[in-house]
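In UniProt numbering, the protein residues as written are 1 to 214.
Backbone N, C-alpha and C define an ideal beta-carbon position, used for all residues, glycine too.
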Amino acid sequence: MRRSFMNLSCAVAAVFMFLGVVSCVRGDSKGKGVASTVASSPVFRLDDTLCDVVPNRLLLEGLSFHSEEYVYRHSNDSTDPTKVPQESAFYCTITGHESGDDNPSSLLIAYAPGGLLSVDSGHLFSDIEAEGHDRLVLDGIEGRGYMWAHDDGISVAWLYPDNHALQVELVYNHFSGHTYGPKSLEGMKALVREMIPAIPPVANGPNLRRTEVP
Numbered sequence: 001m002r003r004s005f006m007n008l009s010c011a012v013a014a015v016f017m018f019l020g021v022v023s024c025v026r027g028d029s030k031g032k033g034v035a036s037t038v039a040s041s042p043v044f045r046l047d048d049t050l051c052d053v054v055p056n057r058l059l060l061e062g063l064s065f066h067s068e069e070y071v072y073r074h075s076n077d078s079t080d081p082t083k084v085p086q087e088s089a090f091y092c093t094i095t096g097h098e099s100g101d102d103n104p105s106s107l108l109i110a111y112a113p114g115g116l117l118s119v120d121s122g123h124l125f126s127d128i129e130a131e132g133h134d135r136l137v138l139d140g141i142e143g144r145g146y147m148w149a150h151d152d153g154i155s156v157a158w159l160y161p162d163n164h165a166l167q168v169e170l171v172y173n174h175f176s177g178h179t180y181g182p183k184s185l186e187g188m189k190a191l192v193r194e195m196i197p198a199i200p201p202v203a204n205g206p207n208l209r210r211t212e213v214p
């Protein structure tokens with residue numbers, strides 16, 4: 001089952017406030033596009049961890065995803081550091097290529113309070129629960145979630161006990177009917193198992209303005 005809001009396109013960049021990272025073509029604020037194909041070969045990231053929370057090794061091993069660049073930010077809007085839960089948010093976009101494929105892919109990550117799935121236009125976790133997707137079972141991880149494959153992507157939605165929600169989208173940018181099989185789903189499961197407990201401490205820490213690497 002594919003949600004209508006999975007038609008992620010250039011509008012995703014506006015949601016994340018990350019211009020030029022997730023788009024059909026890269027362009028400047030005046031609308032000048034740069035062709036998506038370039039003469040030089042892509043330079044893949046060798047960092048152990050991307051966006052402070054994403055194990056690069058799991059991207060490679062489980063999803064055959066070679067990262068090229070990423071941009072992220074996080075904030076904690078709670079004025080009282082002892083408040084539980086903290087009202088914190090985290091956003092990350094990683095762009096790259098999958099092995100043997102010239103078309104770009106993106107990994108979109110959004111963590112927000114109030115059960116909000118904020119990769120897209122602000123749906124709630126409860127919207128996902130009503131759709132009948134397969135449960136994502138992660139032993140030893142608090143919360144509940146769902147994971148499903150669809151045309152051109154894999155989606156994950158997770159609700160933490162404090163009502164923060166995590167949305168993760170692996171998106172094949174050209175929307176060509178690209179499909180992901182069981183191996184990719186297992187790879188995504190292994191990836192989010194590591195990310196789910198790692199994100200809240202980072203989001204609850206000092207604010208980080210939009211940071212782009214490289």
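Checklist line | One or two residues paired with A110 in a DSSP bridge | finding: Per DSSP, Y91 and Q167.
Check: With a CB to CB cut of under 8 Å and the five nearest residues on each side skipped, what residues in its chain are close to N163?
Finding: Listed in chain order, the non-local C-beta contacts of N163 below 8 Å within the same chain comprise P85, P113, G114 and G115, local neighbours out to five positions each way being set aside.
Notebook entry, point to check: So what does DSSP say about V137, is it helix, strand or coil?
Noted result: Note: V137 maps to coil in three-state DSSP.
Margin query: Give me the residue from F125, S118, V192 and Y70 with the minimum Cα distance to D139.
Written below: Out of F125, S118, V192 and Y70, V192 has the C-alpha closest to the C-alpha of D139.
Next item on the list: With DSSP as the reference, please indicate the residues paired to E69 in a beta bridge.
Entry: E69 is bridged to T95.
Note to self: I need the straight-line Cα distance from Y111 to I199, nearest angstrom please.
What the structure shows: Rounded to whole angstroms, Y111 to I199 spans 8 Å at the Cα level.
Margin query: How far does the alpha helix (DSSP H) with G62 in it extend, from its first residue to its last?
Written below: That run of the alpha helix (DSSP H) goes N56 to L63.
Checklist line | Contact under 9 Å by Cβ, V156 with E169 | finding: Result yes, Cβ atoms of V156 and E169 sit closer than 9 Å.
Item checked: Expected contact under 8 Å - CB spacing of E98 and F125 to nearest Å -> Cβ-Cβ separation between E98 and F125: approximately 28 Å, too far for a contact (criterion under 8 Å).
Margin query: Taking its Cβ as the centre, do 16 or more other Cβ atoms sit within 10 Å of A149, making it buried, or is it exposed?
Written below: Counting Cβ neighbours within 10 Å, A149 comes out buried, since at least 16 surround it.
Notebook entry, point to check: Nearest CA to the CA of E69: which residue from H123, E61 and S105?
Noted result: The option with the nearest alpha carbon to E69 is S105.
Margin query: Once DSSP output is grouped into helix, strand and coil, what is the label at G143?
Written below: In the three-state reduction of the DSSP assignment, G143 falls in the coil class.
Check: In terms of DSSP beta bridges, what is E212 paired with?
Finding: Answer is V71, bridged to E212.
Notebook entry, point to check: Going by Cα to Cα distance, which pick from L136, A203, A165 and L208 is closest to G187?
Noted result: Closest in C-alpha terms to G187, from the list L136, A203, A165 and L208, comes L136.
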